[in-house]
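This report concerns only the one structure given below.
Residue numbers (the working numbering), protein chains in the order written: chain A, 47 to 222; chain B, 47 to 222.
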């Protein structure tokens, strides 16, 4: 018998694009990241860095270069790849793909843990990565790959529409 | 107060590299994929296809071109990007990055749901993608991006070592 809390959490997660003004605690964000780093990491390289941004000025600057961030979140988590580490241990494949893949799996854990804690999130891929890198004074080899906005949702959001399984699942053979 | 089942599941997940001969039910795999497709998808494009491989002959062929698959899993889930769909709706960025990111977030849901159901998994990135594509008769625009081996673990696996938070988390500013 599956336990239901996991599935409930997976099904309850929404992409939140409107936040209240209530701040989020830094300690709570750290808890979310603790869940994030339990995601699998290819060859256990863990080429991830997490920048928690809740300083209003920095937040404002980043948001102005991030068309994908909506609804004034009180916090942005910027998930970065450590290209030096990824390349050293995983070569070109490591720095071009594997680091990003690890980060995305960690991101999903973080968004689920946030949902579980009553926090809303939205994964954001649309931002000026090189400008964000400069705003945060990141070294050359630390690349912002994905952001997660985090805060308290200001309204209920309907479940996203999903293509039915019949359209996306195949059993041993492809059928056009 | 966070509910603990989610965190327990996140912390209990291991990368399994040795499986028993016990088969997995196709219906159970479908349940896992149902959790997978609840992951966020950029612009809700859902450029994912899931090929469930449990036919012993096909499995054997794929495994012989997949150095990352270990321990004779009774099932491989091949997560593919639909490059045509991703490109049509997300352009170059969509097909080169966003599809992969969606797939990885879905993969983490699938691995957590499997853990919750007593199944072991391992995310595998090391395989000959273009050969797997041909073995499965996939059209040109369907690219295998990631595999998940699925089965019953034949032994307990220790928790992976993780870099401490102090090493990977930064608060508003980068500190070398």
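For each residue, glycine too, the CB sits at the ideal point set by N, CA and C.
Leaving aside the five residues that flank residue 121 of chain A on each side, the residues in its chain whose CB is nearer than 8 Å to its CB run, in chain order, 69, 70, 75, 98, 99, 100, 105, 195, 196, 197.
Residue 82 of chain B sits away from residue 132 of chain B, with the two beta carbons spaced by 7 Å or more. Collapsing the DSSP output to three states places residue 217 of chain B in a strand. Taking all protein chains shown into account, residue 164 of chain A has fewer than 16 neighbouring C-beta atoms within 10 Å of its C-beta and is therefore exposed. The alpha-carbon separation between residue 61 of chain B and residue 150 of chain B amounts to approximately 15 Å. Take residue 162 of chain A, set aside five residues on each side of it, and the residues of its chain with a beta-carbon closer than 7 Å to its own are 55, in chain order.
Contact annotation for residue 92 of chain B against chain A: 208, 209, 214 [CB-CB distance below 8 Å, chain order]. If the five residues before and after residue 180 of chain A are omitted, its C-beta is found closer than 7 Å to no C-beta atom of its own chain. Closest in C-alpha terms to residue 111 of chain A, from the list A:172, A:203, A:96, comes A:172.
The C-alpha of residue 193 of chain A is placed about 6 Å away from the C-alpha of residue 125 of chain A. Runs of the alpha helix (DSSP H) spanning 4 or more residues and lying entirely within the stretch 158-218 of chain B occur at 175-181, 211-214, in chain order.
Not flagged as an interface residue toward chain A: residue 135 of chain B, since no C-beta distance is shorter than 7 Å. In this structure, DSSP gives residue 87 of chain A a state outside helix and strand, which the three-state scheme calls coil. Assignment of beta-bridge partners to residue 122 of chain A by DSSP yields A:99, A:195. Taking CB atoms only, residue 96 of chain B has a neighbour in chain A less than 7 Å away.
In this structure, residue 93 of chain B lies near residue 145 of chain B, with their beta-carbon atoms less than 7 Å apart. Only those residues of the stretch 117-135 of chain A whose C-beta falls short of 8 Å from the nearest C-beta of chain B would be listed, and there are none.
Nearest to residue 123 of chain A by C-alpha distance, out of A:222, A:178, A:201, is A:178.
About 26 Å separates the beta carbons of residue 85 of chain A and residue 183 of chain A, which is beyond the 8 Å limit, so they are not a contact pair. Residues 128, 129, 130 of the same chain have their beta carbon placed closer than 7 Å to that of residue 187 of chain B, with the five preceding and five following residues left out of the count.
By the rule that beta-carbons nearer than 7 Å mark a contact, residue 166 of chain A does not touch chain B. Residue-level contact by beta carbon fails for residue 140 of chain B and chain A, as no gap is shorter than 7 Å.
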